[in-house]
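**Q** Below is a structure I'd like to ask you about.
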Amino acid sequence: MNTDYPKKVNYQDYENAFNNYWLKKFVEGQLRDFNTETMRGLVYGYTFTEDYAKGIIPDELSVDYWKQKNKGRLSGSQRLTCAQLSLSEYLGQELLICEAIESTGKGTLDDPYCVICVGHEYEFLRTYRPTMRVVSQRLLPGHIDCLELEEIVGGYSETIYFDISRWFERGKIK
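In the numbering used here, the protein residues as written are 1 to 174.
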């Protein structure tokens with residue numbers, strides 16, 4: 001993960017970042033020019049659209065959508081090496097979205113991950129914590145979502161925090 005971008009999301013920095021040109025490239029899998037900041041622009045810039053204000057999150061900004069769509073993408077005789085693909089193309093859309101989320105914090109109470117909807121929390125956890133399950137969830141002041149996780153086998157537990165305040169602001173946007 002690169003760390004040359006700001007951690008916490010200042011949403012105003014992304015007010016004009018979402019555009020159909022980058023969305024089209026993303027959907028078509030033209031990922032060579034994508035990096036964490038470009039993904040932050042798509043994800044967090046989307047929060048300035050009328051659709052987001054109405055509570056609409058397009059499938060194309062869903063990690064699970066891309067996991068399913070890209071299933072088997074780099075398997076068998078079609079397998080390409082990282083040398084043949086840019087890192088973004090090798091990772092695919094789903095991991096680019098997760099990387100954008102991961103770039104916003106550490107998942108701690110003082111430095112939570114920023115997401116644009118609760119669905120992103122669970123998609124992120126299925127990707128980065130696949131052997132864990134959510135055992136409890138509660139909303140803290142400031143619209144911080146606290147998720148208690150535990151290993152499916154093994155007993156290890158962890159608490160991860162997500163800032164979902166943007167979701168609660170959506171009716172006031174623009």
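Note that beta-carbon positions come from the ideal geometry of N, C-alpha and C, so glycine has one too.
Could you give the uninterrupted runs of the alpha helix (DSSP H) lying entirely in the region 96-124, keeping only those of 4 residues or more?
**A** If we require 4 residues or more, the region 96-124 turns out to have no alpha helix (DSSP H) run fully inside it.
**Q** Using the three-state DSSP reduction, which class does L147 fall into: helix, strand or coil?
**A** For the purposes of this step, residue 147 is taken as residue 147 along the sequence shown, with counting starting at 1. Looking at L147 - three-state DSSP - the assignment turns out to be strand.
**Q** Within the chosen definition, does the region 117-137 reach the region 9-25 through at least 3 CB pairs nearer than 8 angstroms?
**A** With the cut-off at 8 angstroms, the region 117-137 and the region 9-25 do not touch.
**Q** By the 10 Å Cβ neighbour count, where 16 or more other Cβ atoms means buried, how is D178 classified, buried or exposed?
**A** There is simply no residue 178 to check, as the chain begins at 1 and stops at 174 in what is shown.
**Q** Among the candidates D110, V135, F26 and G92, whose CA atom is the shortest distance from the CA of G41?
**A** Here residue 41 refers to the residue found at position 41 of the sequence shown. Among D110, V135, F26 and G92, the Cα nearest to that of G41 is on F26.
**Q** Pairs of beta-carbons, one from the region 46-58 and one from the region 94-114, closer than 8 angstroms: are there three or more?
**A** The answer is no - the region 94-114 does not touch the region 46-58, with fewer than three Cβ pairs under 8 angstroms.
**Q** Is S62 helix, strand or coil when you go by DSSP?
**A** Within the sequence shown, numbered from 1, the residue matching residue 62 stands at position 62. Correct three-state label for S62: coil.
**Q** Taking D163 as part of the beta strand (DSSP E), name the residues at either end of that continuous run.
**A** Here residue 163 refers to the residue found at position 163 of the sequence shown. S157 to D163 is the span of the beta strand (DSSP E), which, as asked, contains D163.
**Q** Would you kindly report the start and end of the unbroken alpha helix (DSSP H) that includes L23?
**A** Stepping through the sequence shown from its first residue, residue 23 is reached at position 23. That run of the alpha helix (DSSP H) goes N20 to V27.
**Q** Taking C-beta to C-beta, are V63 and C117 nearer than 7 angstroms?
**A** Residue mapping note: residue 63 aligns to position 63 of the sequence shown, counting from 1. Residue mapping note: residue 117 aligns to position 117 of the sequence shown, counting from 1. Not in contact: V63 and C117 (Cβ atoms no closer than 7 angstroms).
**Q** Starting from R138, follow the beta strand (DSSP E) in both directions and report where the run begins and ends.
**A** If you number the sequence shown from 1, residue 138 lands on position 138. Start and end: M132 to L140.
**Q** What separation, rounded to the nearest whole angstrom, lies between the Cα atoms of K69 and T36?
**A** Sequence index remark: in the sequence shown, residue 69 carries index 69 (1-based). Sequence index remark: in the sequence shown, residue 36 carries index 36 (1-based). Each residue's alpha carbon lies about 21 angstroms from the other.
**Q** Less than 7 angstroms between the beta carbons of P112 and Y161, yes or no?
**A** As a position in the sequence shown, residue 112 is number 112, starting the count at 1. As a position in the sequence shown, residue 161 is number 161, starting the count at 1. Yes, they are a contact pair.
**Q** Under 6 angstroms Cβ to Cβ from E148, same chain only, skipping five residues before and after it: list those, please.
**A** By 1-based counting over the sequence shown, the position of residue 148 is 148. Cβ within range, chain order: V135, S136 and T159.
**Q** Below 6 angstroms CB to CB, which residues in the same chain sit around I152 once its five sequence neighbours on both sides are set aside?
**A** Counted from its first residue, the sequence shown places residue 152 at position 152. T131 and R133.
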